[in-house]
Each structure stands twice: as structure tokens, then as C-alpha cells.
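Everything on this sheet refers to the single structure shown next.
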Amino acid sequence: MRSYESLNDHTSDTHIRIVFIIGILLIAANLRAPMIAIGPLLPTIQDQLLLSNAMLGSVTTIPLLLFALLSPFAPRLAVRFGMERVVLAALCMIAIGTFLRIAPSFTFLISGTAFIGIGIAIGNVLLPGIIKQHFPHSIGLMTGIYAITMNLAAAVASGIAEPLASRSLNWNGALGVFGLLAVLAAAMWGLYMWQNKSSHSVARQPSSFRSNGMLRSPLTWCVTIFMGIQSLQYYTTMTWLPQMLQESGYSPASAGVMLALMQTAIVPMTFIIPVLAGKLKDQRWLGAFVGITFLLAISLFYLELWLPLAAIIMGIACGSGFGLAMMLFALRTHSGNEASTLSGLAQSVGYLLAAFGPIAFGMLYDIAGQWQSPLIVLLLLSIMLTIVGYISGKGYVTKEDNS
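The sequence shown runs 48 to 450 under my numbering.
See below:
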């Protein structure tokens, strides 16, 4: 019969685990919502602050550039200070940045956006490593849960930002509301850290890591390219699809409905694919599926056939690509530290491509005067994505250290 002390310890561990899972979900909710919420408010912000298009564009470009520049440094901070502490600091930065944007000033808007970008960059990189460390046997399920939470929070944020601004708050007040979400996440994560410290139930990660071995691995670069191309495809489509559809005869409202169709198709795939990937022995055909799905969707856009179906397939491709990319960081590595390091490298390249992909796509359109030429580039990238996706589906980026 179990002793009172052992039963008490079991109850305490269960409570800590529940707090941890809630903390993970709240972190996930903060990794998109504060950035996405500003999109519907950009016209109002431009009018009230008298901003040029270039100044307005910097509001959306700066976070992506920060993701690219800072992602490689997050694992180093985690090794030095601990993953949990660094994630708590990231949540505090998101909260500070969100509250800075309450001031109706372009300086505070950009400063707050930069703080948010730094916090999200760190959270993006470290969350896959934390999940691998704490849920080694349920990586797929937990990745799917956090991915779908992140996307649902983003969808809710984009839907409520404008009503909040127009009916009860101004644009800066509406943005400030999302700071409460960051404060709640930081409080829950701080509670978990306090409880976990008292229970001594989680061992610290080792501080040594042979990064050179990872950089020499071809598999590392296949995973990185996979992350980069699927990010580029998503952000490019999100930027240019409405204009492409309007030039094909759709009204602005109908183009918006098509974009909503695509977004709707993304959400379930961010859960289904990680769970499926976690159950498979290897993920080679799943990686190839992502590339083929992008190829099919872009081919339909190129031919201007069945465009509503093309938007849905594009959403399936984007959701599948993101979900699998998040899983690859954990599945192709041996430890939480390795997962975070691979995540940092891949997300750095991925978001750099995501930042410049829409610009390059628009430049190609300006040169060619039609959408077919830039779409051909996306088709070629989809073929490359199919190849690297297949290769990324098996193996490890480093040899296991048994010493």
C-alpha cells in the first residue's frame, strides 16, 4: 500500500504537470496573437499617425527580421540560464512590448513591436525543445495541441481586434488588451517554475552541445530548407493572394472569403500532422506530401482553375508544412537542447526567407506584369520542398552521445 507521503508526492506531481500544460498553451497563444492582431488595424493606425506605406510596412517586417536574427541565439541563452527562465523573460518582453503600443505614437508602436518580436522569436525556438524534454513519448500530441492553440489564438485576435477598436477602445487600447494574455501566461509559467523548483522533479539539461556536428549534417540543412520554403510559401500567399484573386475577377469581399477558407483549412492540419508524424516510424512520405500539396495548390492558381478548392488545398499545405516543421526539430534530435538548437537555426533561415519572399514575389510581378512568372518560382520551390521533405523524414542530425 502506498504511503501518505508517496500519495502526496504523486498528487503534487500531477498538479505541477497540469500547471505546466496550461502554461505551454498560454505561451503558444502569445506566439502569434500580439503580432496578428495589428493587421486589421493597420489602415486606422496609418490614418491616425499619418504614416507612409514604408513606415507602415516596417510594423509587419520588423518582427520577421527579428525572428531571423535572434533565433540562433535563443538556444545559447537557454543553455546558460535554463529554458524555463529564458521563456519567462520572453513572456515578460511580449507583455512590455504590448503595453508600450498603448501609447498613440509611432516610436512606441515600433519599440513595442520590437519587444514583441524578440519575445516571440525566443518562444518560437525554445518551445519545441521544452516539449521534447518534458514529453518525450507524447511529442506529436503536445506539438499538435500547442500548434493549434497558437493558430486559434491568432484567428481570434485577428477577428476581435477591429471590433474592440471601433466599438469600445481605440486601436492602441485594442492592442493593449493582448498584454493581459502575456501577463497571464507569465504568471502561470512563473507558478510552474516555483512549484517545479520545490519538487525537484525535473533534471537540468546538460550544458555541453556539439553544434559543429549539427552544422556538418546534411539532414540539418534539409530540415532548415524545409522550414524556410514552407514559411516563404505561407507568407507570400497571405500577402498576395487577395490581389491575385481580385485581378482574376473576384471582388475584395470574395477575395477575403477565399483567404478565410485558406486560414480555416490551416488550423486542423496543425494538429493532425504532428499527431500523425509522432505515430509514424519515419516521416518521409509525410514530408513529400507537404511538397506535393503545395505543388497542387499553386498549379491550380497558375491555371486559374477551381480557385476556392486551390485556396483550401493551400491551407492544407501551409498547416501541414508548419506542423511537420515543428515536429522535425524534435524527431531529428536526441535532446531538448539539440531540438532548440536545430529549431533556432531552421527558424532563423525560415523567417529570413519569409521576410523577403513576399518582396521578391512582388518584384517579379512588377517585372513580368503577370502572376504566372512568380507562380512558376513557387512551383519550382514546391518541387524542392518535396525532395527535402522526404529526406528530412528519417535519421538524426547528430550521433547520440553515449559517453
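We put the beta carbon where it would ideally sit given N, CA and C, even for glycine. All values derive from a computational prediction rather than experimental measurement.
Who are the near neighbours of residue i in its chain, counting only those whose CB is closer than 8 Å to its CB and skipping five residues on each side?
i: Q330; result: A324, L371, M374, L375, L378, S439, G440 and K441
i: G70; result: A232, M235, W236, L238 and Y239
i: W332; result: Y437 and G440
i: V106; result: I85, L89, I92, L156, I157 and T160
i: S295; result: E351 and L354
i: L6; result: The structure shown does not extend to residue 6, since the chain is modelled only from 48 through 450, so no value can be given for it.
i: L135; result: A233, W236, G237 and M240
So, for residue i: in the same chain, excluding its five sequence neighbours on each side, which residues have a beta-carbon less than 6 Å away from its beta-carbon?
i: S367; result: M316, I320 and V337
i: Q280; result: F341
i: M140; result: F162, I165 and G166
i: I83; result: A201, A204 and S205
i: M291; result: W418
i: H247; result: Any reading at H247 must be qualified, since the residue scores a pLDDT of 38, below 50, and its modelled position is unreliable; no value is offered.
i: L428; result: I276
i: A357; result: A344, L347 and F348
i: T283; result: G404, P405 and F408
i: S118; result: A168, V172, G391, Q394 and S395
i: G191; result: F318, P321 and V322
Which value, in whole angstroms, describes the spacing of the CA atoms of residue i and residue j?
i: A402; j: D60; result: 42 Å
i: I157; j: L73; result: 24 Å
i: T145; j: N198; result: 19 Å
i: K446; j: T380; result: 9 Å
i: S185; j: T108; result: 35 Å
i: I406; j: V322; result: 34 Å
i: R123; j: L308; result: 39 Å
i: I5; j: G223; result: A query on residue 5 cannot be resolved here, the shown segment of the chain reaching from 48 to 450 and no further.
i: A364; j: I313; result: 8 Å
i: A168; j: A300; result: 33 Å
i: F408; j: L97; result: 28 Å
i: L116; j: P110; result: 10 Å
i: S264; j: V133; result: 27 Å
i: P151; j: W353; result: 44 Å
i: N77; j: P175; result: 15 Å
i: M285; j: T267; result: 27 Å
i: A125; j: Q417; result: 47 Å
i: T433; j: M361; result: 15 Å
i: F120; j: L262; result: 15 Å
i: G159; j: G226; result: 11 Å
i: S278; j: G334; result: 14 Å
i: F153; j: A75; result: 27 Å
i: Y349; j: L399; result: 25 Å
i: A221; j: F182; result: 36 Å
i: A137; j: G170; result: 6 Å
i: Q180; j: I149; result: 37 Å
i: K328; j: L228; result: 38 Å
i: E385; j: P355; result: 41 Å
i: Y443; j: A415; result: 42 Å
i: G383; j: I143; result: 28 Å
i: M189; j: F128; result: 24 Å
i: I339; j: M431; result: 10 Å
i: A302; j: D413; result: 21 Å
i: S213; j: Q293; result: 27 Å
i: G187; j: A80; result: 23 Å
i: Q95; j: L147; result: 17 Å
i: I178; j: I68; result: 10 Å
i: W218; j: Y297; result: 29 Å
i: E131; j: Y193; result: 16 Å
Within a Cβ cutoff of 7 Å, which residues of the same chain sit near residue i, ignoring the five residues on either side of it in sequence?
i: L306; result: L288 and P289
i: H242; result: His is not the amino acid found at residue 242; the sequence shown has Gln there. Cβ within range, chain order: I63 and V66.
i: V435; result: C269, I272 and F273
i: S390; result: V172, P175, G176 and F376
i: L112; result: A402
i: T311; result: G362
Can you check the stretch 177-255 for any alpha helix (DSSP H) of at least 4 residues that lies completely inside it and give the ranges in chain order? 186-210 and 218-246
Should the stretch 79-91 be called in touch with the stretch 201-210, which here means at least 3 C-beta pairs below 8 Å? yes
With a threshold of 8 Å, are at least 3 pairs of Cβ atoms found where one atom belongs to the stretch 340-347 and the other to the stretch 418-438? yes
What runs of the alpha helix (DSSP H), each 4 residues or longer, lie entirely inside the stretch 255-298? 258-262 and 265-294
Pairing CB atoms from the stretch 386-397 with CB atoms from the stretch 258-274, are three or more of them under 8 Å? yes
Taking the runs of the beta strand (DSSP E) that are 3 residues or longer, which of them lie wholly in the stretch 311-392? none
Whole runs of the alpha helix (DSSP H) within the stretch 105-131, excluding any shorter than 4 residues: 121-128
3-residue-minimum beta strand (DSSP E) runs that sit fully inside the stretch 128-154, ordered along the chain: none
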